[in-house]
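Protein chains in written order, with the numbering used here: chain A, 1012 to 1251; chain B, 2 to 217.
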C-alpha cells in the first residue's frame, strides 16, 4: 500500500506539489490526469525517492521513502517505473537491458536472469527481438522493453509516467495493450496519463490534479463521465 | 646514383630509440588515463567543488611541456630525489596527459543522459552499479576518439624528453645525423617510423570504434 500524506515538493522557489494526500490500495489501478505543470509527474518521482520532498511523508508498505535511513535501493526493487522517455540502455541488447538489474541488484545467476528476461520479453511481445540493440526498435517496442525491464525485478508496484506521450500515435496502442494486460493481472499501478479513454477503462480511481493539488478524485465514472467540478470538465473538454 | 652512409646498425639504433618512445608513451598514457578517470569522474560528480582542481590542471595544460620537463628535472635535483630520468619523463608526461584526460573523461560522463542514469537507479541499482554498468561504458564510447587523439599526441610529445638526455627516437636520430651528415634521409626514416607507430595505434582504435558502432 502507498500512503501519501500532505506532500509538498518545491524546485527552488517554485512549489509544484502543495500538500497532496492519497492512498493507493494493493491491486488498485489509479490514474492521475491533469494539465502540464500540475505536479502529477513530480509526485510520481517522489514515490520511489527519485525526487526529494520538502514536507509530508510517503510510505510504501509502511516504509518511509524519505527517511534518510531508508535503503532506497532496496525499496526501489519493488517499485517499477516506466518513463515518458523510454530510456533503453543503448549499449546493451534488449535481453541484456532486461537482465542487468536482476543480475546486479538481485544477484541472480546468468541462467535465471536469462530465463526471466525471455519470459518477460515474450510477455510484452518482444520474443523475436531478444538479441537486437534498442536503437533498432521502434519507440513502442522500446517502451515495451522498458516495461519488461521493470517487471523483471518482480515489483509489487508499477508507476507509469506518461508512458505513451513520446510515442507516435500509431504506436500508442501496443503500449496501452501491455499496460492493460498488467492491470488485468492485478498489478498495483499508478499511471500519470493523458489517455483519458484508457484511464477510464482500466482505472479503479482517477485523480484530477490542478495547480499542485488533487482537485477531484473518484471512480472513472464520477471524475471522467460526470465531473463535479467545472475545472475538471473544462480540462477534459480541452484535451478531447 | 643514390649513395648513403646510413648503415644497418644506424637503423637498429633508431629502432632502439623507437622502442623507448613506445615505452614512454605507454607509461605516460597509462598514468594519464588512470589519473584522468579519477579526476574526470570527480569533475563530473562535483563540478562546483572541483573548480580549483580545474585551475590546477590548467597549469599542466598551458605551460609548455618542455618547461615542465626542465622544471621536473630541476626539482628532482633540488629535492635530492635521485629519480632516474626515465621515471621523471614518464611522470611528467603522465601528469600532462592526466590534465588532458580529465576533461576527456568529464565530457564523456557529461554526455550520458541524466534520464538514463535515473532509469538505472529506479531499478534499484546503487550509485556504483549504475556508474560501472551504464555511465562508464557509454562515456567510454563518447570519450574514446579524444582519448586516441591524446595518445597519438603524447607519442610525439615524448620527443621532448631528449632534453633530459634520454635517447628516444628523435634524439637517436640526432647522433646519426651528426655522424653521417644526411639529415634529410635520416629524418625521413624517423618520420616514417613515427608514422608507422601512430598508424598502428590509430588502426587498433578504429577497429574498436567500428565494433561499438555496429551496436548502437
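For glycine and all other residues, C-beta sits at the position ideal for the given N, C-alpha and C. All values reported here derive from a predicted model rather than from experimental measurement.
Measuring straight from C-alpha to C-alpha, what distance separates residue i and residue j?
| i | j | result |
| --- | --- | --- |
| residue 1062/A | residue 1226/A | 22 Å |
| residue 145/B | residue 210/B | 8 Å |
| residue 1093/A | residue 52/B | 36 Å |
| residue 1096/A | residue 126/B | 19 Å |
| residue 200/B | residue 84/B | 33 Å |
| residue 1065/A | residue 28/B | 50 Å |
| residue 1040/A | residue 1201/A | 6 Å |
| residue 86/B | residue 166/B | 8 Å |
| residue 1154/A | residue 1128/A | 15 Å |
| residue 193/B | residue 202/B | 14 Å |
| residue 1196/A | residue 1173/A | 21 Å |
| residue 39/B | residue 1082/A | 27 Å |
| residue 50/B | residue 1206/A | 44 Å |
| residue 56/B | residue 35/B | 19 Å |
| residue 1012/A | residue 33/B | 52 Å |
| residue 1328/A | residue 1219/A | Residue 1328/A cannot be examined here, being either before or after the span of chain A that is shown, 1012 to 1251. |
| residue 1102/A | residue 116/B | 15 Å |
| residue 1191/A | residue 1080/A | 36 Å |
| residue 208/B | residue 60/B | 34 Å |
| residue 1188/A | residue 1134/A | 11 Å |
| residue 204/B | residue 212/B | 13 Å |
Please work out which residues of its chain come closer than 8 Å, Cβ to Cβ, to residue i, disregarding the five sequence neighbours upstream and downstream, and give them in chain order.
| i | result |
| --- | --- |
| residue 105/B | 37, 41, 144, 147, 148 and 151 |
| residue 111/B | 45 |
| residue 176/B | 14 and 168 |
| residue 7/B | 177, 181, 183, 186, 187 and 190 |
| residue 1084/A | 1116 |
| residue 1132/A | 1105, 1106, 1109, 1138, 1140, 1141, 1156 and 1159 |
| residue 1238/A | 1219, 1227, 1244 and 1247 |
| residue 1025/A | none |
From the DSSP output, read off the bridge partner residues of residue i.
| i | result |
| --- | --- |
| residue 159/B | Beta-bridge pairing links residue 159/B to no other residue. |
| residue 1218/A | 1043/A and 1228/A |
| residue 1169/A | 1091/A and 1200/A |
| residue 92/B | Paired residues: none, contrary to the question. |
| residue 1140/A | Beta-bridge pairing links residue 1140/A to no other residue. |
| residue 1075/A | 1070/A |
| residue 1019/A | 1029/A and 1066/A |
| residue 1035/A | 1013/A |
With a 10 Å radius around its C-beta and 16 neighbouring C-beta atoms as the bar for buried, classify residue i as buried or exposed.
| i | result |
| --- | --- |
| residue 197/B | exposed |
| residue 102/B | buried |
| residue 222/B | The question about residue 222/B has no answer, for chain B in this structure spans 2 to 217. |
| residue 97/B | buried |
| residue 1223/A | buried |
| residue 91/B | buried |
| residue 230/B | The structure shown does not extend to residue 230/B, since chain B is modelled only from 2 to 217, so the question has no answer here. |
| residue 1163/A | buried |
| residue 1091/A | buried |
| residue 9/B | exposed |
| residue 121/B | buried |
| residue 128/B | exposed |
| residue 1249/A | exposed |
| residue 1042/A | buried |
| residue 1241/A | exposed |
| residue 72/B | exposed |
| residue 158/B | buried |
Using the beta-carbon of each residue, which ones in chain B are nearer than 8 Å to residue i?
| i | result |
| --- | --- |
| residue 1061/A | 119, 122 and 123 |
| residue 1087/A | 122, 123, 124 and 125 |
Keeping to the same chain, check which residues put their C-beta closer than 7 Å to that of residue i; ignore five residues upstream and five downstream.
| i | result |
| --- | --- |
| residue 1151/A | 1178, 1182, 1185 and 1186 |
| residue 11/B | 177 |
| residue 109/B | 140, 141, 143 and 144 |
| residue 1110/A | 1124, 1125 and 1128 |
| residue 1137/A | 1105, 1152, 1155, 1156 and 1159 |
| residue 118/B | 131, 135 and 136 |
| residue 1028/A | 1018, 1019, 1020, 1050, 1053, 1054 and 1223 |
| residue 1031/A | 1015, 1018, 1054, 1224 and 1225 |
| residue 1056/A | 1062 |
| residue 1167/A | 1089 and 1199 |
Residue i touches chain A at which residues, Cβ-Cβ below 8 Å?
| i | result |
| --- | --- |
| residue 130/B | 1115 and 1116 |
| residue 142/B | 1102 |
| residue 116/B | 1094, 1096 and 1098 |
Return the chain-ordered list of same chain residues with a C-beta closer than 6 Å to the C-beta of residue i, the five sequence neighbours on each side being excluded.
| i | result |
| --- | --- |
| residue 1140/A | 1105 |
| residue 94/B | 29 |
| residue 1033/A | 1015 |
| residue 1233/A | none |
Can you name the residues of chain A whose CB is closer than 9 Å to the CB of residue i?
| i | result |
| --- | --- |
| residue 139/B | 1100, 1101 and 1102 |
Given the structure, does residue i come close to the ligand ATP, in the sense that its CB is under 6 Å from one of the ligand's heavy atoms?
| i | result |
| --- | --- |
| residue 1059/A | Judged by which ligands are present, the structure shown has none, so any question about the ligand ATP falls away. |
Given that residue i touches chain A, what residues does it touch there, using C-beta distances under 7 Å?
| i | result |
| --- | --- |
| residue 135/B | 1100 |
Going along chain B, which residues have a C-beta under 7 Å from residue i?
| i | result |
| --- | --- |
| residue 1111/A | 134 |
| residue 1164/A | 124 and 125 |
Quick check: is the beta carbon of residue i nearer than 7 Å to any beta carbon in chain C?
| i | result |
| --- | --- |
| residue 1084/A | Annotation note: the requested chain C is absent from the structure, which comprises protein chains A and B. |
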